[in-house]
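Counting from 2, one number per residue, gives the positions in the sequence shown under the numbering used here.
Notes for the one structure printed next.
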Amino acid sequence: MNKALKCVLLLVAMTAVVGCQSVYDAKAAMAKGGYNQVLADTQRLDEFPERDQTLVLNYRAHAKMALGYMDSARADYLRAWNIMNHGKGGGITEAQFFSERQKWWMGDPYERAYNSWYLGMLYFENGNVEDAMASFRNAIFVDTGDLEKGEYAADWLPPFIMRMRCYLDRGDKDGVKMLLEEVNRLEKEPANFDPDIPWLNLEAQLEANTVMMIELGEGPYFTAEGHHGSTRAINQGEYRESFAEVFVDGESLGQAYKIGDTFYQAITRGGRVMDDILNGKAIAKTAGIATGAAAMHVGRVLLQSGGSSGVKIGGAVALGVGAAVLIASLLMNAEADTRGNVLLPGETHLMLAKLPPGEHKVEVRYYDANGNELRDMRQQGIPLTVPEKGDASLLVRSTPKYQVPTSESWRTTDPYAIQKPGASTGGK
2 MNKALKCVLL
12 LVAMTAVVGC
22 QSVYDAKAAM
32 AKGGYNQVLA
42 DTQRLDEFPE
52 RDQTLVLNYR
62 AHAKMALGYM
72 DSARADYLRA
82 WNIMNHGKGG
92 GITEAQFFSE
102 RQKWWMGDPY
112 ERAYNSWYLG
122 MLYFENGNVE
132 DAMASFRNAI
142 FVDTGDLEKG
152 EYAADWLPPF
162 IMRMRCYLDR
172 GDKDGVKMLL
182 EEVNRLEKEP
192 ANFDPDIPWL
202 NLEAQLEANT
212 VMMIELGEGP
222 YFTAEGHHGS
232 TRAINQGEYR
242 ESFAEVFVDG
252 ESLGQAYKIG
262 DTFYQAITRG
272 GRVMDDILNG
282 KAIAKTAGIA
292 TGAAAMHVGR
302 VLLQSGGSSG
312 VKIGGAVALG
322 VGAAVLIASL
332 LMNAEADTRG
342 NVLLPGETHL
352 MLAKLPPGEH
362 KVEVRYYDAN
372 GNELRDMRQQ
382 GIPLTVPEKG
392 DASLLVRSTP
402 KYQVPTSESW
412 RTTDPYAIQK
422 PGASTGGK
């Protein structure tokens with residue numbers, strides 16, 4: 002192989018490596034320093050490739066929310082929402098031939114639904130019911146396929162439940178009835194939500210004045226499998242907790258009920274257009290490498306055969322064409338895009354309750370599938386204020402735990418205005 006060809010192949014290898022570089026490793030950051038580490042790492046969004054910024058923005062928003070900086074988190078979720086719902090992204094042409102990761106990350110349906118869901122929860126907790134309602138409606142919308150083609154209907158209950166609470170804030174019972182009818186028509190699939198949820202009726206919704214959303218475990222993640230890594234596999238996150246029990250002021254309210262399973266949502270959202278493209282690229286890549294290498298071999302044989310000048314010219318042409326085909330095939334990247342929002346929880350559980358107005362302390366205990374309490378996950382002293390009118394709301398997570406802000410100044414603080422990258426945060 003001549004020197005020029007070696008240089009070209011080296012360039013091919015370098016291009017392939019650059020095209021496949023991973024996005025920010027949020028899981029590694031969480032293991033290193035938790036949400037504080039993610040917050041510090043993502044302060045400068047412009048330091049990340051443009052194609053990854055929407056995902057990184059969701060990571061940053063999640064970290065802010067988890068640390069109690071609710072206003073700042075809401076601004077980031079809204080910024081990401083605008084890109085994911087109104088933008089067309091970029092890098093589409095490059096992804097047809099080079100790595101699929103050249104495309105802007107716009108999220109799968111369940112990831113877009115979570116973005117709208119968190120945005121809605123932050124609006125709701127801030128008392129902005131109208132914007133909350135719009136966010137929850139969008140979460141339902143992006144979770145819905147093409148019904149005319151027989152695709153999936155929205156079946157992720159968290160935005161339905163919260164939209165009901167928004168309707169009740171308006172005094173619109175008919176709106177609640179409409180949503181309850183829609184939810185009660187869904188298939189009662191235990192993998193998705195608990196069929197025995199006691200609050201899917203109008204009386205229970207009218208009675209409650211406190212809504213608690215409890216997140217358990219780790220959400221799904223993607224890996225590249227199969228021929229040239231062209232198949233994107235969805236993997237179940239691993240976690241110990243199976244259900245939660247809620248206490249208020251020392252008294253048990255009972256077990257919370259599962260209303261959403263993230264893995265189930267990820268695997269039931271249908272295929273992607275890119276899947277067929279990747280499969281075709283994998284086949285073309287294999288065929289191209291074999292064809293190019295064979296043509297180069299024939300060309301070298303003809304050049305070294307000692308034949309006529311015509312034979313040697315033919316050999317040179319075969320060698321050049323084979324090299325071009327080989328290089329093009331090596332440049333072609335059929336590997337599936339494995340970027341995904343790895344900070345999402347595995348499950349969402351619900352507790353609806355009627356509590357007296359005033360200040361309360363909430364305790365959440367988590368249990369494994371055998372009913373054994375996971376004492377290291379127990380959360381105590383979570384503050385909850387129940388208003389005279391309207392709902393109290395609480396969003397907590399088993400691990401890594403969310404911090405609930407105890408003051409308006411904490412809730413409204415811009416964390417980057419008070420911290421240097423790597424410094425401790427948390428409103429303490």
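Note that CB positions come from ideal geometry on N, CA and C, so glycine has one too.
These figures come from a predicted structure and were not determined experimentally.
How would you call residue i, buried or exposed, if buried means at least 16 neighbouring beta carbons within 10 angstroms?
i	result
D53	buried
K28	exposed
Q206	buried
R45	exposed
R113	buried
K104	buried
N371	exposed
D338	buried
H63	buried
P199	exposed
G281	Per-residue confidence for G281 stands at a pLDDT of 44, beneath the threshold of 50, marking its modelled position as unreliable; no derived number is given.
T386	exposed
H350	buried
N139	buried
R412	buried
A155	buried
G172	exposed
I419	exposed
K259	buried
L203	exposed
P346	buried
Taking 7 Å as the line, does the beta carbon of residue i fall inside it for any heavy atom of the ligand FMN?
i	result
G261	Inclusion of the ligand FMN in the displayed structure is not the case, the ligand content being empty and no account of it being possible.
Taking DSSP as the reference, what is the three-state secondary structure of residue i?
i	result
G255	strand
P384	strand
M213	strand
N371	coil
R61	helix
F244	strand
G190	Reading off the sequence shown, one finds Glu at residue 190, where the question assumed Gly. Coil, per DSSP.
T413	helix
Y222	strand
R1	As shown, the chain starts at 2 and ends at 429. That puts residue 1 outside it, with no answer to give.
R366	strand
A337	coil
P50	coil
E204	helix
N86	helix
I419	helix
R80	helix
D197	coil
P160	helix
T407	coil
R379	coil
L344	coil
M165	helix
Could you tell me which residues DSSP puts in a beta bridge with residue i?
i	result
A354	T211
L396	M214
T349	E216 and G261
R45	DSSP output for R45 lists no bridge partner at all.
E360	T386
V249	E252 and V363
What residue does the alpha helix (DSSP H) around residue i start on, and which one ends it?
i	result
Y265	T263 to I268
A27	A27 to D42
I141	V130 to V143
N185	K174 to N185
W118	P110 to E126
Could you pull the start and end residues of the beta strand (DSSP E) that residue i belongs to?
i	result
Y70	Counting along the chain, Y70 falls outside any beta strand (DSSP E), and DSSP gives it neither H nor E.
R233	T232 to N236
A155	Premise fails: A155 is in no beta strand (DSSP E) and is neither H nor E.
Any C-beta of chain D sitting closer than 8 Å to the C-beta of residue i?
i	result
Y168	Absent here is chain D; the protein component of the structure consists of one chain.
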